[in-house]
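A short write-up of the structure that comes next.
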Amino acid sequence: MIKDIKQLEISTIRKILAECDSRISFEKTNTIPDATKLEEEFKSYIDYENIGKKAVLGIDIYKYSSYPEFQQSLIPFLFKRIYNITVEQCFRNHPFIFQKSVKEDFRENFISTGDGGFLLFDTPLHALVFAMNFAIVVRVFNAYHLHPRLRKLIGGMSFRYAITYDKIYQFDDNFYGRAIINNARILQKDDLNRCLIDQNVHRWFTLNTEGLENMQLITINEIANISYFTDSYDMQMLETTRDEIFNTCTREYGVLNSDILKIGSISSKETILNIYNLHMQVAIRLTDDDNSEKSKMFTISLGNLNTAGI
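Under my numbering, residues 85 to 394 are what the sequence shown spells out, in order.
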């Protein structure tokens, strides 16, 4: 699912340090050394300007700490259950979009925070589609259709979301980068249970789909024309599979409404990052896995229309 991500190897960093630095310096007189050569070697190795951008979806359980302790002990299981069902729904509902992914990707590219986490994708579209399906599964739970007795024990759940698009690199099997840092800051600043995106995500959708408002009109065939998909995706799947949200342009299911509004900005590394509030209404029909004759139509809202600043 994640391709061409920069890997920083600890062995290479140690080698550079061994060649350009001293491990310990106990000189009689303390001096500030010349680090020019070390800086040049690190800049050459890291090559920060060419580190690729990835999308990060941040998911946070809204007011997790306010749940009673007994309910708090059950919520990690519930979150994992909702998460795993969402992964299955993405493969089932969007076979073309997620054709390059396998289940293991969703485990390896997820960073848990205890009350949610960050999930890495190649594009903001993948992150948005996953968020849609996650919100649908949450609605199924809240409406007493998924583990109804557990729903009664825990109560209803709500989540806040953030999507960012920026540089990501990997070191020692962990992910780092501005996309994660910015995402965490956005989630931390939002206390209104919204779905917020940064200006890089907004710009990506403007370039590739003519804007997020256009998501209610776009079809899977138009998505397939986005440059990311034209490079290596199997276009024959468009003829043999169906997308449950973007199959055709209709008002009966899929993205019914998509609203986007700039609500403020945050400072990021001496630059200003504009933040947008995204509200989408999505309708989809879900079928009971245990009885294919039973199905229900669900209409959910991803985010809300609260336009207060951040």
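Note that the Cβ used here is the ideal one computed from N, Cα and C, for glycine as well. Source: prediction; values computed, not measured.
Item, Value
"Close-in-space but distant-in-sequence residues of the same chain around I310 (CB under 6 Å, 5 per side omitted)", "N292"
"Start-end ranges of the beta strand (DSSP E) lying completely within the region 321–394, minimum 3 residues", "338–352, 355–372, 375–386"
"First through last residue of the alpha helix (DSSP H) which encompasses Y129", "120–130"
"In chain order, each alpha helix (DSSP H) run of at least 4 residues that lies wholly inside the region 161–193", "187–192"
"7 Å CB neighbourhood of S242 in its chain, flanking five on each side removed", "Y146, N277"
"Through-space distance from A367 to E80, alpha-carbon basis", "Since the first residue of the chain shown is 85 and the last is 394, residue 80 is not available in this structure."
"Host alpha helix (DSSP H) of F225 (start-end)", "208–226"
"Boundaries of the beta strand (DSSP E) in which F202 is found, first to last residue", "200–205"
"Whether N284 touches Y249 by CB criterion (7 Å)", "yes"
"Pairwise C-alpha distance: F180 and D327", "8 Å"
"Among I159, F218, E172, nearest to T383 - alpha-carbon criterion", "F218"
"Same chain, Cβ closer than 6 Å to L122, five either side skipped, listed in chain order", "C104, D105"
"Distance between E354 and S95 (C-alpha atoms, nearest Å)", "32 Å"
"Cα-Cα separation, N341 to L237", "33 Å"
"C174 to Y360 span [Cα, whole Å]", "25 Å"
"Candidates R233, Y253, D144, of which the one nearest D88 by Cα", "Y253"
"Integer-rounded CB distance, given that T314 should sit under 8 Å from C333", "Not a contact, Cβ separation roughly 21 Å."
"Residue from T324, E172, I394 whose Cα sits closest to the Cα of N358", "I394"
"For F259, the residue or residues it bridges with in DSSP", "Q254"
"Reduced DSSP category for T303 - H, G, I as helix; E, B as strand; rest coil", "coil"
"Residue from V339, I130, L345, G261 whose Cα sits closest to the Cα of S352", "G261"
"Top-ranked residue by Cα proximity to N258, from N305, V222, F202, E111", "F202"
"Backbone CA spacing between V140 and A211 [nearest angstrom]", "7 Å"
"Close-in-space but distant-in-sequence residues of the same chain around Y129 (CB under 7 Å, 5 per side omitted)", "T96, I100"
"Supposed close pair G387, C279 - CB separation, criterion 8 Å", "3 Å"
"Proximity below 7 Å, CB of I344 to CB of L362", "yes"
"Between the CA atoms of Y148 and D199 - distance to the nearest angstrom", "7 Å"
"Contacts around V222, its chain only, beta-carbon distance under 7 Å, and the 5 residues preceding and following it disregarded", "I166, M241, F243"
"Simplified DSSP assignment, three categories, for D315", "helix"
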